[in-house]
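Engineer: In our numbering, the protein residues as written are 240 to 494. Have a look at this one before I ask anything.
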Ligand code: SF4
């Protein structure tokens, strides 16, 4: 079963990779709202029900309360992560919310890092770019170098071109982390595999051009809405990570 995040603030959860992580969901709690519809999305597929963004005021109040509670218990989060039921950067007040959260962080839990997980579709918008420049970890999705593979895996709900996304990513001057989901299987009778030699060679070329400060590779972990997808092994991901590191870019693998 795929599942929605049922709150504005979720967690904290402890993981070996991130430490103590508190999540922020700017998207509706009753429905997913995304301009992609990835076949691997842990929130399930988009539905006709749209729901409303959580308001800037609610996010600020609820996060402030949670951070104060955690600080009082002597357990500030290591990281505050913007993720949740869809694409956070589509929120109309995204930059203002980031500013609010950075202020709360500085005031209550200054050691916490702020991360945003985004599908990179909105980075051409000036306010989104400014906001992402301010956070500690600007983590942007790039699942393939090919538009037809992106159409198959990510199912963009509007116009989307890898070339344009890459041009926008380059404008961060390395202040970004590229995140790539590796998977294979079948979807609607079509073969899906973004780990073939052709895929990885073309993707590596884009990674070299973008020159991010890190690449994060991961694979399917929980249930996916498309049912015939398979995990990629940690060994295979490590081999791809080694190719990234050969470009002088640190790479991490989450199995
Ligand atoms: S971009 Fe993220 S939230 Fe949107 S469909 Fe893909 S995995 Fe789900």
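Here a beta-carbon is modelled for each residue, glycine too, at the ideal position from N, C-alpha and C. Note that the structure is predicted; figures quoted are calculated from it, not measured.
(1) Any heavy atom of ligand 3 closer than 6 Å to the Cβ of residue 321?
(2) According to DSSP, is residue 417 helix, strand or coil?
(3) So is residue 357 buried or exposed if we call it buried at 16+ other beta carbons inside 10 Å?
(4) Starting from the C-beta of residue 408, find all residues in its chain whose C-beta is less than 8 Å away, skip the five residues before and the five after it, and write them out in chain order.
(5) Please specify which runs of the alpha helix (DSSP H), each continuous and at least 4 residues long, are wholly inside the stretch 289-324, giving them in chain order.
(6) Restricting to Cα atoms, I'd like to know which of 279, 263, 433, 323 is closest to residue 297.
(7) Check whether the Cβ atoms of residue 373 and residue 337 sit closer than 7 Å, and answer yes or no.
(8) Since residue 398 and residue 457 are thought to touch, with beta carbons under 8 Å apart, how far apart are those beta carbons, to the nearest angstrom?
(9) Taking only the alpha-carbon atoms, compute the straight-line gap between residue 257 and residue 436 and give it to the nearest angstrom.
(10) Between residue 249 and ligand 1, is there a pair consisting of the residue's CB and a ligand heavy atom that are separated by less than 6 Å?
(11) How long is the line joining the alpha carbons of residue 307 and residue 313, rounded to whole angstroms?
(12) What residues in its chain sit with their C-beta under 6 Å from that of residue 432, if we drop five residues either side in the sequence?
(13) Tell me whether residue 333, by its Cβ, gets closer than 6 Å to a heavy atom of ligand 1.
(14) Tell me which same chain residues have a C-beta within less than 6 Å of the C-beta of residue 490, skipping the five on either side of it?
(15) Give the list of continuous alpha helix (DSSP H) stretches no shorter than 4 residues that lie fully inside the stretch 402-457.
(16) Return the residue from the list 261, 478, 467 that minimises the CA-CA distance to residue 355.
(17) Report the three-state DSSP secondary structure of residue 252 (helix, strand or coil).
(18) Tell me whether the beta-carbon of residue 334 lies closer than 7 Å to the beta-carbon of residue 273.
(19) For residue 332, I'd like the list of residues in its chain whose CB is within less than 7 Å of its CB, leaving aside the five on either flank, ordered along the chain.
(20) What are the start and end residues of the beta strand (DSSP E) that includes residue 492?
(21) Does the beta-carbon of residue 344 have 16 or more other beta-carbons within 10 angstroms, so that it is buried, or is it exposed?
Structural biologist: Per the coordinate set shown:
(1) With respect to ligand 3, the structure offers nothing, as its ligand set consists of ligand 1.
(2) By one-based count along the chain shown, residue 417 stands at place 178. Here residue 417 sits in strand by DSSP.
(3) As a position in the chain shown, residue 357 is number 118, starting the count at 1. Counting Cβ neighbours within 10 Å, residue 357 comes out buried, since at least 16 surround it.
(4) On the chain shown, position 169 is the one that residue 408 refers to. So the list reads 359, 362, 379, 381, 415, 417, 449, 451, once near-sequence residues are dropped.
(5) 295-311
(6) For this step, residue 297 is matched to residue 58 along the chain shown. Minimum Cα distance to residue 297 is reached at 263.
(7) Within the chain shown, numbered from 1, the residue matching residue 373 stands at position 134. Within the chain shown, numbered from 1, the residue matching residue 337 stands at position 98. Result yes, Cβ atoms of residue 373 and residue 337 sit closer than 7 Å.
(8) Within the chain shown, residue 398 is the residue found at index 159, counting from 1. Within the chain shown, residue 457 is the residue found at index 218, counting from 1. With 8 Å as the limit, residue 398 and residue 457 do not qualify as a contact, their Cβ atoms being about 27 Å apart.
(9) Your numbering for residue 257 matches position 18 in the chain shown. Your numbering for residue 436 matches position 197 in the chain shown. Those two C-alpha atoms are separated by around 31 Å.
(10) In the chain shown, residue 249 corresponds to position 10, counting from 1. Residue 249 Cβ: outside cutoff for every heavy atom of ligand 1.
(11) For the purposes of this step, residue 307 is taken as the residue at position 68 of the chain shown. For the purposes of this step, residue 313 is taken as the residue at position 74 of the chain shown. In a straight line, the C-alpha of residue 307 is about 10 Å away from that of residue 313.
(12) For the purposes of this step, residue 432 is identified with residue 193 of the chain shown, where counting begins at 1. The residues are 423.
(13) Position 94 of the chain shown, counted from the first residue, corresponds to residue 333. Checking every heavy atom of ligand 1 against the Cβ of residue 333, none is found closer than 6 Å.
(14) Against the chain shown, residue 490 aligns to sequence position 251. For residue 490, where only same-chain residues beyond five positions count, the Cβ hits under 6 Å are 454, 480, 483, 484.
(15) 436-449
(16) Mapped onto the chain shown, residue 355 falls at position 116. Per the Cα distances, 261.
(17) By 1-based counting over the chain shown, the position of residue 252 is 13. Here residue 252 sits in strand by DSSP.
(18) Translated into the one-based positions of the chain shown, residue 334 becomes position 95. Translated into the one-based positions of the chain shown, residue 273 becomes position 34. No, the pair does not count as a contact, with Cβ atoms beyond the cut-off.
(19) Counting from 1 along the chain shown, the entry for residue 332 is found at position 93. The residues are 295.
(20) Locating residue 492 in the chain shown gives position 253, where the first residue counts as 1. Taken as a continuous stretch (DSSP letters only), the beta strand (DSSP E) holding residue 492 covers 490-493.
(21) Position 105 of the chain shown, counted from the start, is the residue given in the question as residue 344. It counts as buried.
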